[in-house]
Amino acid sequence: MTLIDARNMPRHVGIIMDGNGRWASQRDEPRSEGHRAGSRAVRRIVRLARRIGIEALTLYAFSFQNWARPEDEVSALMVLLQEYLLSEREDILGNGIRLAAVGELDQLPPEVRGVLEPLCRESQPNDRMTLTLALSYGGQEEIASAARALAKDYAEGRIALADIDAKALGERIPSQRVGEPDLIIRTGGETRLSNFLLFGSAYAELFFSDRLWPEFSDEDFFTAIASYQRRQRRFGQVVS
Ligand code: IPE
Ligand code: IPE
Ligand code: MG
Numbered sequence: 004m005t006l007i008d009a010r011n012m013p014r015h016v017g018i019i020m021d022g023n024g025r026w027a028s029q030r031d032e033p034r035s036e037g038h039r040a041g042s043r044a045v046r047r048i049v050r051l052a053r054r055i056g057i058e059a060l061t062l063y064a065f066s067f068q069n070w071a072r073p074e075d076e077v078s079a080l081m082v083l084l085q086e087y088l089l090s091e092r093e094d095i096l097g098n099g100i101r102l103a104a105v106g107e108l109d110q111l112p113p114e115v116r117g118v119l120e121p122l123c124r125e126s127q128p129n130d131r132m133t134l135t136l137a138l139s140y141g142g143q144e145e146i147a148s149a150a151r152a153l154a155k156d157y158a159e160g161r162i163a164l165a166d167i168d169a170k171a172l173g174e175r176i177p178s179q180r181v182g183e184p185d186l187i188i189r190t191g192g193e194t195r196l197s198n199f200l201l202f203g204s205a206y207a208e209l210f211f212s213d214r215l216w217p218e219f220s221d222e223d224f225f226t227a228i229a230s231y232q233r234r235q236r237r238f239g240q241v242v243s
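Count along the sequence shown from 1, then add 3; that gives the number in our numbering.
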């Protein structure tokens, strides 16, 4: 905690939680055990983020492309997601966390939607931190559906052609409701975005960690924030 400056916190942090499978292989365990360990790390990092005053945390939990993984892995992930939502319910409601979800949510199994949707609704008045889960989420898919919404608004006379700009598109992108991410962290050693927050990441600071997600520690999170705080953000401008 002493590493970081409380006056210069990233407002919105996104995390690409990668490396669960490799964590499990290193232990000769099935990939589902890696995801189980990953969900323990989620609990820990969510609590930490709330405690240190992060306003918005967006976690990449399951990509649109992840549906193509083996069926048993996908169903293990869905069970873990359901368990996470059930076990964290009181913590979310009692600690001022507003839960939101972005992605192609109608593809999620009914058991997951049955716990996700009421919790999002009930936690809506909370305002200490917004926790957004990116589920069945793809940045390209999200931009495509915003383009579809714009086309519909144009066809039905709600928007003029000349008013279709980045702002109008952004207003139709659900992951943008909490604003653009200031810092995107990816664990697991890969240095790519893998379809995460493509629209909002335009000027995000990126931090790549070799740590596998289940081992991403509180200290690693502070290190990422400290790195963010050493950077000068210019947004294409000249800063003296
Ligand atoms: C990230 O870990 C979790 C999800 C994608 C759901 P992975 O499962 O991608 O783990 P690796 O990258 O294979 O180690
Ligand atoms: C990104 O990780 C998705 C999540 C962390 C949920 P992947 O493991 O799916 O990404 P690639 O395949 O390495 O690009
Ligand atoms: Mg991976």
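Glycine included, every Cβ here is placed at the ideal spot set by N, Cα and C.
Check, Outcome
"Going straight from the alpha carbon of residue 123 to that of residue 234, what length do you get?", "34 Å"
"Could you give the C-beta distance for residue 139 and residue 107, rounded to a whole number, given that I count them as a contact under 8 Å?", "4 Å"
"Compute the Euclidean distance between the alpha carbons of residue 25 and residue 105, then round it to the nearest angstrom.", "26 Å"
"Is residue 22 close to ligand 3? I mean its beta-carbon at under 8 Å from any heavy atom of the ligand.", "yes"
"Say the cut is 8 Å; is the CB of residue 193 nearer than that to a heavy atom of ligand 3?", "yes"
"If you compare alpha carbons, which of 38, 205, 110, 152 is closest to residue 218?", "38"
"Pull up the distance between the alpha-carbon of residue 128 and that of residue 101, whole angstroms please.", "7 Å"
"Apart from the five residues on each side of it in sequence, which residues of its chain come closer than 6 Å, Cβ to Cβ, to residue 147?", "none"
"Just to confirm before moving on: does the CB-CB distance between residue 213 and residue 48 stay below 9 Å?", "no"
"Which whole-angstrom value describes the C-beta separation of residue 194 and residue 210, a residue pair presumed to lie in contact below a C-beta threshold of 8 Å?", "Residue 194 to residue 210, Cβ: 10 Å. No contact."
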